[in-house]
Amino acid sequence: MKKIAALLLVGLAFVGCGDGKKDGESAVQGQNVGQDSKVVLKVGATPVPHAEILEFIKPDLEKEGIDLQIVQFTDYVTPNSALNDGSLDANFHQHKPFLDSLINDRGYTLTPIANIHVEPIGLYSSKFKNIDELPNGAVIAIPNDPSNGGRALLLLEAEKLIKLADSTNLQATELDIVENPKELKIKPVEAALLPRTLGDVDAAVINGNYALQAGLNSADALILEGAQSPYANILVVQSSKVDDENLQKLKKALQSQKVKDFIQEKYKGEIVPAF
């Protein structure tokens with residue numbers, strides 16, 4: 087019995103030596119398992135260009151002791167719910183008006199910490215080469231979320247295709263159209279699906295990342311948003327983590343001259359640095 091008791095005590099001593107952390111904990115949860123281990127940052131992103139930019143900075147972050155894990159999404163909403171519930175450490179896929187709209191609707195406690203780039207939104211068509219060819223009664227597809235839908239309508243208004251009740255309303259809807267001389271028919275569609283609608287509508291206002299992903303060239307857009315657009319794509323974190331050391335390293339890497347050069351050389355004006 088004494089020998090069994092001694093073995094039990096030895097076993098308990100070894101159990102007590104564990105640090106209680108699970109493999110793969112995120113950096114903001116404080117992974118620290120051995121001198122050679124790296125902290126993990128899980129960042130949500132849409133494939134183009136966000137995930138491509140993140141892939142570009144992975145080697146630099148690795149030198150900083152960070153294992154950047156990129157989680158790809160095909161929509162704008164899910165990366166925010168995943169960040170809010172702690173499944174992600176950050177996300178990089180949206181502009182501030184979209185984030186603000188979602189925060190107002192769902193009460194998320196998320197905060198942007200860096201502007202990275204602007205993706206000019208554009209009106210594309212597979213049927214027409216010039217905006218003057220757009221016929222009366224044309225069907226125009228736009229994003230169905232409030233912020234990008236409003237952005238699309240402001241683009242149409244800038245070309246004098248429609249007039250809105252309030253040109254400063256970033257979340258205008260088709261109900262806010264007060265003048266429509268060409269009797270355009272506005273068709274809200276999920277943003278990610280807009281490139282696929284081009285065969286079924288006369289034209290579609292498509293976000294820059296989805297246009298890039300679909301192989302569309304901004305030079306072919308019937309209308310293109312100006313480079314001074316206020317819709318910069320942002321790096322977003324939980325509000326309680328804005329000062330986290332590893333997230334600040336991620337911010338610094340994304341706002342480096344190296345990334346600015348990468349954006350300019352790879353995308354050749356399709357997207358524009360915003361820092």
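Following this note's numbering, the numbering of the sequence shown begins with 87 at its first residue and continues without gaps.
Using N, Cα and C, we set each Cβ at its ideal position, and we do this for glycine too.
From a predicted model like this one, the values you see are computed outputs, not experimental measurements.
Query: In DSSP terms, what residue 265 is bridged to; Result: 249
Query: Neighbour-count burial assignment, residue 350, 16 or more Cβ in a 10 Å radius; Result: exposed
Query: Three-state class that DSSP yields for residue 108 in the structure shown; Result: Here residue 108 scores only 43 on pLDDT, less than 50, and its place in the model should not be relied on; the value that follows carries that caveat. Three-state DSSP puts residue 108 in coil, outside helix and strand.
Query: Nearest candidate by alpha-carbon position, reference residue 212, set 226, 315, 201, 335; Result: 226
Query: Range covered by the alpha helix (DSSP H) that runs through residue 144; Result: 138 to 149
Query: Identified DSSP bridge partners for residue 210; Result: 290
Query: Close Cβ partners of residue 134 (< 7 Å) along its chain, the five nearest in sequence each way excluded; Result: 295, 298, 299
Query: Residues near residue 184 in its chain [Cβ-Cβ closer than 7 Å; skip 5 each side]; Result: 162, 231, 233, 234
Query: Residue environment, residue 237, which counts as buried when at least 16 other CB atoms sit within 10 Å; Result: buried
Query: Residue 352 to residue 278 span [Cα, whole Å]; Result: 22 Å
Query: Residue 346: first and last residue of the uninterrupted beta strand (DSSP E) it sits in; Result: Looking at the DSSP string, residue 346 is not in any beta strand (DSSP E); the run it does join, the alpha helix (DSSP H), is 343 to 353.
Query: C-beta contact flag for residue 200 and residue 340 at 8 Å; Result: yes
Query: Three-way DSSP call (helix, strand, coil) for residue 360 in this model; Result: coil
Query: Whether residue 206 touches residue 310 by CB criterion (8 Å); Result: yes
Query: Under 8 Å between C-beta atoms of residue 248 and residue 228; Result: no
Query: Short Cβ contact (8 Å threshold) for residue 289 with residue 360; Result: no
Query: In DSSP terms, what residue 180 is bridged to; Result: 320
Query: Bridge partners - residue 155, DSSP secondary structure assignment; Result: 128
Query: Buried or exposed by the 16-neighbour rule on C-beta atoms within 10 Å, applied to residue 258; Result: buried
Query: Separation of residue 222 from residue 338, as counted between CA atoms; Result: 49 Å
Query: Beta-carbon spacing of residue 178, residue 140 below 8 Å; Result: yes
Query: Whole-number beta carbon distance between residue 186 and residue 127, since they are thought to touch under 8 Å; Result: With 8 Å as the limit, residue 127 and residue 186 do not qualify as a contact, their Cβ atoms being about 24 Å apart.
Query: Contact under 8 Å by Cβ, residue 420 with residue 195; Result: Residue 420 is absent from the structure shown; the chain starts at 87 and stops at 361.
Query: Alpha-carbon to alpha-carbon, residue 150 and residue 357; Result: 27 Å
Query: Buried or exposed (CB count within 10 angstroms, at least 16 for buried), residue 355; Result: exposed
Query: Beta-carbon proximity check, residue 197 vs residue 328, cutoff 8 Å; Result: yes
Query: CB-CB length for residue 335 against residue 147, believed under 8 Å; Result: 7 Å
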